[in-house]
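*Asks:* Below is the structure I would like to discuss, written out as structure tokens.
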Amino acid sequence: MACSCIISFLQLCFYRIKSGFSLVDMLFKASHCEHCNSKIGALFLIPVFGFMLSEGSCQHCNKSISVKYFIAELCIFIISLYVCFQFIIKSSYFTI
Ligand SMILES: [Zn+2]
Numbered sequence: 037m038a039c040s041c042i043i044s045f046l047q048l049c050f051y052r053i054k055s056g057f058s059l060v061d062m063l064f065k066a067s068h069c070e071h072c073n074s075k076i077g078a079l080f081l082i083p084v085f086g087f088m089l090s091e092g093s094c095q096h097c098n099k100s101i102s103v104k105y106f107i108a109e110l111c112i113f114i115i116s117l118y119v120c121f122q123f124i125i126k127s128s129y130f131t132i
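Below you can see the structure in the form of structure tokens.
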């Protein structure tokens, strides 16, 4: 989940750099809908689960959120789980 948060934040930074945000706004401005500019609630900022909770659309204007963010977060989430399970399996090898 931590890796998904990092990837989600990096996606946000790339989007804001591309959109011409200042450094302060890029790092500290609250996440908002790119259509209606309304602030996104904390629950909907959770990677993977936030997209599923919102059913892929803004809670204010009901316009769709690009699925590319969800796919990137999901891929990183699955890879992170795989790496964690590999680490647990390998670490249990050494303790037996
Ligand atoms: Zn919106």
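37 is the number of the first residue of the sequence shown in my numbering; add one for each residue after it. For every residue, glycine included, the Cβ atom is placed at its ideal position computed from N, Cα and C. Predicted model, so just to flag it, every value in this text is computed and none were measured.
What separation, rounded to the nearest whole angstrom, lies between the Cα atoms of residue 44 and residue 123?
*Replies:* So the alpha carbons of these two residues sit roughly 24 Å apart.
*Asks:* Report the rounded CA-to-CA distance for residue 84 versus residue 115, giving the unit in angstroms.
*Replies:* Rounded to the nearest angstrom, the two C-alpha atoms are 13 Å apart.
*Asks:* Would you mind reading off the limits of the alpha helix (DSSP H) that contains residue 79?
*Replies:* Segment: none, residue 79 is in no alpha helix (DSSP H) and carries neither H nor E.
*Asks:* Mind listing, in chain order, the residues whose beta carbon lies closer than 7 Å to a non-hydrogen atom of ligand 1?
*Replies:* Having a Cβ closer than 7 Å to some heavy atom of ligand 1 are 69, 71, 72, 74, 94, 96, 97, 99.
*Asks:* Residue 62 to residue 128, Cα distance in whole Å?
*Replies:* Their Cα atoms are separated by approximately 42 Å.
*Asks:* Please work out which residues of its chain come closer than 8 Å, Cβ to Cβ, to residue 53, disregarding the five sequence neighbours upstream and downstream, and give them in chain order.
*Replies:* Cβ neighbours of residue 53 beyond the five flanking positions: 62.
*Asks:* Count the other CB atoms, across all protein chains shown, that sit within 10 Å of the CB of residue 86; report buried if there are 16 or more and exposed otherwise.
*Replies:* The residue in question, residue 86, is buried, as its Cβ has 16 or more Cβ neighbours within 10 Å.
*Asks:* Would you mind reading off the limits of the alpha helix (DSSP H) that contains residue 64?
*Replies:* Residue 64 -> alpha helix (DSSP H) spans 59-64.
*Asks:* For residue 82, I'd like the list of residues in its chain whose CB is within less than 6 Å of its CB, leaving aside the five on either flank, ordered along the chain.
*Replies:* Same-chain partners within the cutoff: there are none.
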